[in-house]
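To keep things clear, I will list the structure first and then write my remarks on it.
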Amino acid sequence: MIDMITSFLSTDIRMATSLLIAALGLVYCSRAGIVNIGVEGMMLIGSLMGVVGSYYTGSALMGALVAIGVNLIVSLVFAFFAVTIKADQNVIGTAINTFATGLTVTVNRVIFGVGTSQNIAVFDRVAIPGLSKIPIIGEAVFNQAIPVYIALIAVPVLWFILMKTSLGLKIRSVGENPQACDTVGINVYRVRYGTILFSGALAGLAGAYVSMGQLSSFTEDMIAGRGFIALAAVVLGNYMPGGVLAATLIFGAASALQYRMQATAVSVPYQFWLMLPYIITIIAICLYRKSSNQAASSGKPYDKH
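For the sequence shown, the working numbering begins at 0 and goes up steadily by one.
Put into structure tokens, the structure is as follows:
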């Protein structure tokens with residue numbers, strides 16, 4: 000029984016990590032007034048670029064850096080259209096998602112072909128001495144891959160920056176009243192560009208973790224809605240890092256339950272368990288009430304003239 004609980008918790012955390020990493024970036028983006036639904040495509044690009052980087056360098060770390068670097072370029076394009084050109088953020092995000100699908104399919108087939116194996120370095124588990132021996136939670140929490148630890152540590156760090164520093168105040172103020180911020184000398188464009196780039200970088204890392212942490216290869220359209228679930232986690236988590244952690248663990252538990260139930264003899268079609276994380280996402284959003292932390296200028300382009 001204890002082994003079963005430990006295994007479930009470990010899977011929950013592992014499945015929640017990619018959602019958490021992406022959602023933390025989205026928190027900053029959202030609090031600055033930017034709606035980045037292109038995170039799905041950014042995660043997909045990150046998952047492929049991570050594999051490509053790992054394939055050519057033999058290092059999962061280098062693969063992750065490649066994923067982050069490429070996504071910084073993609074994010075810069077998004078920021079240019081959303082902030083500078085003032086195009087509709089939802090349209091630009093959708094365009095990035097569509098572009099990412101075609102790009103990853105093409106690049107994957109050019110580099111790896113069809114049906115070929117990808118011999119890549121992956122994120123290995125790293126047990127923390129002493130802590131990993133704690134009953135139940137030790138193996139589940141303290142015997143994970145490096146990105147898991149980064150995500151968990153990032154939650155309090157990013158909360159502190161957002162809520163207790165002048166930088167965080169600028170981000171929140173830009174989201175609430177960009178006109179007033181511009182009046183007192185805060186560069187609204189710079190803040191929004193920065194949060195978009197930060198969100199894109201974390202989306203790249205999240206995608207790389209999916210292909211090199213949860214799995215060990217890239218498959219076409221492998222993100223399978225995780226970006227949208229991350230967006231839902233931000234809303235459900237009240238646009239706060241701590242709330243996002245709780246929300247992603249709920250969605251991670253749904254995925255862990257999916258794998259657990261598929262391995263049992265319960266006479267339920269496996270397609271139901273595959274749908275479970277998405278069903279829970281829909282239910283959570285339907286039950287959710289408007290957040291007091293949602294930026295007042297969310298999704299609205301700012302024109303200083």
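Think of the CB as a built atom: it goes at the ideal place given N, C-alpha and C, for glycine as much as any other residue.
Query: Indicate the three-state DSSP secondary structure (helix, strand or coil) for Ala86 in the structure shown.; Result: coil
Query: Whole-angstrom Cβ separation of Val154 and Leu244, contact assumed at under 8 Å?; Result: 5 Å
Query: Taking the straight line between their C-alpha atoms, what separation do you get for Ala21 and Phe141?; Result: 21 Å
Query: Candidates Gly57, Val69 and Ser6: which alpha carbon is nearest Leu204's?; Result: Val69
Query: DSSP puts Ala144 in a beta bridge; with which residues?; Result: Arg124
Query: For Ile152, which residues of its own chain have a beta-carbon under 7 Å away from its beta-carbon, when the five flanking residues on both sides are left out?; Result: none
Query: Helix, strand or coil for Glu175, going by three-state DSSP, please let me know.; Result: helix
Query: Sort Lys303, Arg259 and Asp220 by Cα distance to Thr103 and report the nearest one.; Result: Asp220
Query: Looking at the secondary structure, which residues open and close the alpha helix (DSSP H) in which Thr218 lies?; Result: Segment: none, Thr218 is in no alpha helix (DSSP H) and carries neither H nor E.
Query: Determine the contact status of Ala15 and Leu248, defining contact as a CB-CB distance below 8 Å.; Result: yes
Query: Specify the secondary structure class of Ser296 as computed by DSSP and reduced to three states.; Result: coil
Query: Starting from the Cα of Val233, find the closest Cα among Ile12, Val34 and Thr5 and give me that residue.; Result: Val34
Query: Between Leu196 and Ser29, which are expected to be in contact by the criterion C-beta below 8 Å, what is the C-beta distance as a whole number of angstroms?; Result: Leu196 to Ser29, Cβ: 15 Å. No contact.
Query: State the Cα-Cα distance for the pair Cys255 and Ile1, rounded to the nearest angstrom.; Result: Reading off the sequence shown, one finds Ala at residue 255, where the question assumed Cys. If I take the Cα positions, the gap works out to 16 Å.
Query: One question on the structure: do Gly49 and Val65 come within less than 8 Å of each other, judged by their Cβ atoms?; Result: yes
Query: Report the three-state DSSP secondary structure of Gly40 (helix, strand or coil).; Result: helix
Query: Output yes or no for whether 8 Å exceeds the beta carbon distance between Arg225 and Leu18.; Result: yes
Query: Is it true that the segment 207-214 meets the segment 180-198, where meeting means three or more beta-carbon pairs spaced less than 8 Å apart?; Result: no
Query: If you compare alpha carbons, which of Asn96, Ala120 and Ile160 is closest to Val76?; Result: Asn96
Query: Can you say whether Gln257 is buried or exposed, counting buried as having 16 or more other CB atoms within 10 angstroms of its CB?; Result: buried
Query: Distance check for Leu201 and Arg108, CA to CA, integer angstroms please.; Result: 25 Å
Query: With DSSP as the reference, label Thr164 as helix, strand or coil.; Result: coil
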